[in-house]
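Numbering (the UniProt record's numbering), first residue to last: 1 to 106.
See the structure below:
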């Protein structure tokens with residue numbers, strides 16, 4: 001009985017450990033991938049919202065008022081994973097500036 005319990009606990013530990021490692025690796029590659037897509041844009045001056053979205057995908061959050069649009073892209077917050085987030089400001093759908101850029105390590 002005790003032997004079966006130890007085997008089950010060992011398997012559970014192994015599954016949780018491997019799952020945690022995979023979560024961490026997935027989150028790190030998501031963060032690096034999103035960052036790489038932004039870097040591939042080069043100088044974003046003069047690029048339109050559609051130009052940027054065609055390379056990096058749709059933002060996670062967006063708000064607009066009076067011709068100014070603020071958009072935030074970011075990776076999913078996975079436990080123990082690196083996270084990347086960037087917020088851009090557009091005026092009349094043309095990029096004007098990076099409002100915030102954050103990389104968080106586990």
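By construction, the Cβ of each residue, glycine as well, lies at the ideal position given by its N, Cα and C atoms.
Next on the checklist: According to DSSP, residue 90 sits in a beta bridge with which residue or residues?
Outcome noted: Along the chain shown, one-based indexing puts residue 90 at 90. DSSP lists 69, 95 as the bridge partner or partners of residue 90.
Next on the checklist: Here's the rule I'm using: 16 or more other beta-carbon atoms within 10 Å means buried, otherwise exposed. How should residue 35 be labelled?
Outcome noted: Indexing the chain shown from 1 puts residue 35 at position 35. Classification of residue 35: buried, given that the 10 Å Cβ count is 16 or more.
Item to check | Residues near residue 39 by beta carbon distance below 6 angstroms, same chain, minus five either side | outcome: Here the question's residue 39 lines up with position 39 in the chain shown. Excluding sequence neighbours, residue 39 sits near nothing in its chain.
Checklist entry - Looking only at its own chain, which residues have a Cβ that is under 6 angstroms from the Cβ of residue 87, when we skip the five neighbours before and after it? => result The residue you call residue 87 lines up with position 87 of the chain shown. Excluding its 5 nearest sequence neighbours in each direction, residue 87 has C-beta neighbours in its own chain below 6 angstroms: 72, 99, 100, listed in chain order.
Checklist entry - What span of residues does the alpha helix (DSSP H) with residue 54 cover, start to end? => result The sequence position of residue 54 within the chain shown is 54, counting from 1. In the DSSP assignment, residue 54 falls within the alpha helix (DSSP H) that extends over 49–56.
Item to check | Which of helix, strand or coil DSSP assigns to residue 83 | outcome: As a first step, residue 83 must be located in the chain shown, where it is residue number 83. The three-state reading of DSSP puts residue 83 in strand, counting E and B together.
Checklist entry - Is residue 40 helix, strand or coil by DSSP? => result Sequence index remark: in the chain shown, residue 40 carries index 40 (1-based). Residue 40: helix per DSSP, three-state reduction.
Checklist entry - For residue 61, which option in 96, 82, 89 has the closest C-alpha, if you only look at C-alpha atoms? => result In the chain shown, counting from the first residue as 1, residue 61 sits at position 61. For residue 61, the nearest C-alpha among the options comes from 89.
Checklist entry - What's the C-alpha gap between residue 106 and residue 85? => result Sequence index remark: in the chain shown, residue 106 carries index 106 (1-based). Sequence index remark: in the chain shown, residue 85 carries index 85 (1-based). The alpha-carbon separation between residue 106 and residue 85 amounts to approximately 14 angstroms.
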